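Below is one structure, written out as structure tokens, with a few remarks after it.
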Amino acid sequence: MKTYWNIYTVFVQNGVSYLAQYRKDAWWNVAVNVLWVGMLFLIVEVIFSQTATIVGWKKEEVYLLTILWTIVSEAFVMIFGGNTQQIPHMITDGDLDIFLTKPANTLFLVSTRFFLFRAFYRLLADFGILAWIVWRFDVGVSLPHAVLAFFLVVCGIIVHFSMTLLANTLSFWFLRIDNVNDTLVSLHTLGRYPIDVFPKTLKILLLTALPMAFSGYIPVAVLTGRWPWYAVGYAVCFTAAFFCLAVRFWSFALKRYSSASS
Numbered sequence: 001m002k003t004y005w006n007i008y009t010v011f012v013q014n015g016v017s018y019l020a021q022y023r024k025d026a027w028w029n030v031a032v033n034v035l036w037v038g039m040l041f042l043i044v045e046v047i048f049s050q051t052a053t054i055v056g057w058k059k060e061e062v063y064l065l066t067i068l069w070t071i072v073s074e075a076f077v078m079i080f081g082g083n084t085q086q087i088p089h090m091i092t093d094g095d096l097d098i099f100l101t102k103p104a105n106t107l108f109l110v111s112t113r114f115f116l117f118r119a120f121y122r123l124l125a126d127f128g129i130l131a132w133i134v135w136r137f138d139v140g141v142s143l144p145h146a147v148l149a150f151f152l153v154v155c156g157i158i159v160h161f162s163m164t165l166l167a168n169t170l171s172f173w174f175l176r177i178d179n180v181n182d183t184l185v186s187l188h189t190l191g192r193y194p195i196d197v198f199p200k201t202l203k204i205l206l207l208t209a210l211p212m213a214f215s216g217y218i219p220v221a222v223l224t225g226r227w228p229w230y231a232v233g234y235a236v237c238f239t240a241a242f243f244c245l246a247v248r249f250w251s252f253a254l255k256r257y258s259s260a261s262s
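Per the numbering used here, the sequence shown starts with residue 1, numbered consecutively.
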């Protein structure tokens, strides 16, 4: 474990070095992110100017849903975003062969080698916006619910990673699947809506086969008391099972991988 911590520390240091070279770009990204979140909030304001609730969801709850979904997205981008989405290119270009020769877990190296520090700054800005929402709307949240919601945000990040890994692992068999990540990004936007607005079949899919609800809906549902505390058990079990499925699928594909040079 210490070895992997040391390796990851080097990856983070590389991210800091990259940021130092493009500091203006990093601050520009933060500004753009804040404007983008502001546009999402503007959409919420427009919708709630016409109605008091949406399928029982109040405006402040939709605000929370939007920002927690954004936090999950930014955390994923910070840790995994510049890595797992490059798997198809690594396979077709032969770069994966280099990692197979390293004395460390290949999936760990492939998934974490780039730490996007500019996403870290955006994430800090998102937490600032979250604090503003809690203050602005005087959101009454108990400490146990807040802790559970934070834990479920972590689960959402893991589920997001697992889903991306599953999709990109298909590139071991289908070499030209460049659009798979664009599709995932489009599907991921479903996570910022209350899933109660969708038909029952789609709602079930968003909680199972296409688990976009883990990115925002489930943490907010627990935070606001819409989900009972014991429903957290389902979220934890699903996250563990989905992560194990993704890792096993990766291992299955890797065992059948032929070097690009062969």
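A virtual CB, placed ideally from N, CA and C, is assigned to each residue, including glycine.
Predicted model only: the values in this text are computed from it and were never measured.
If I measure Cβ to Cβ from residue i and keep anything under 6 Å in the same chain, skipping five residues before and after, which residues do I get?
i, result
"residue 264", "Because the chain is modelled from 1 through 262, residue 264 falls outside the range shown and cannot be assessed."
Counting along the chain, where does the alpha helix (DSSP H) carrying residue i start and finish?
i, result
"residue 156", "143 to 169"
"residue 121", "117 to 136"
"residue 197", "It is not in any alpha helix (DSSP H) - residue 197 carries neither H nor E in the DSSP assignment."
"residue 23", "23 to 48"
"residue 210", "Residue 210 -> no alpha helix (DSSP H), and no H or E assigned at all."
"residue 70", "59 to 76"
"residue 251", "232 to 255"
"residue 98", "96 to 100"
"residue 108", "106 to 112"
"residue 258", "Segment: none, residue 258 is in no alpha helix (DSSP H) and carries neither H nor E."
"residue 1", "No alpha helix (DSSP H) holds residue 1; DSSP gives it neither H nor E."
Return the residue from the list the options that minimises the CA-CA distance to residue i.
i, options, result
"residue 242", "37, 210, 73", "210"
"residue 164", "188, 176, 197, 143", "188"
"residue 46", "56, 87, 63, 32", "63"
"residue 124", "166, 100, 31, 176", "31"
"residue 104", "52, 1, 176", "1"
"residue 56", "4, 202, 194", "194"
"residue 102", "3, 156, 173, 50", "3"
"residue 166", "257, 248, 259", "248"
"residue 6", "246, 112, 135", "112"
"residue 106", "202, 250, 258", "250"
"residue 170", "252, 154, 237, 208", "252"
Could you give the C-beta distance for residue i and residue j, rounded to a whole number, given that I count them as a contact under 8 Å?
i, j, result
"residue 141", "residue 223", "6 Å"
"residue 29", "residue 122", "6 Å"
"residue 232", "residue 65", "Going by Cβ atoms, the distance from residue 232 to residue 65 rounds to 17 Å, so no, they are not a contact pair."
"residue 88", "residue 178", "6 Å"
"residue 190", "residue 206", "6 Å"
"residue 90", "residue 77", "Not a contact, Cβ separation roughly 18 Å."
"residue 85", "residue 33", "So it is not a contact: roughly 19 Å between Cβ atoms."
Excluding five sequence neighbours on each side, which residues of the same chain lie with their C-beta closer than 7 Å to the C-beta of residue i?
i, result
"residue 151", "none"
"residue 12", "115"
"residue 158", "239, 243"
"residue 61", "220, 224"
"residue 100", "106"
With a threshold of 8 Å on Cβ separation, who are the neighbours of residue i within its own chain once the five nearest residues in sequence on each side are excluded?
i, result
"residue 83", "110, 111, 112, 113, 114"
"residue 73", "160, 188, 215"
Tell me, please, whether the segment 109 to 118 touches the segment 140 to 155 by the rule of three or more beta-carbon pairs shorter than 8 Å. no
Touching by the beta-carbon criterion (3+ pairs, under 8 Å), the segment 52 to 72 and the segment 204 to 218: yes
Count Cβ pairs between the segment 14 to 25 and the segment 128 to 141 that sit closer than 8 Å; are there 3 or more? no
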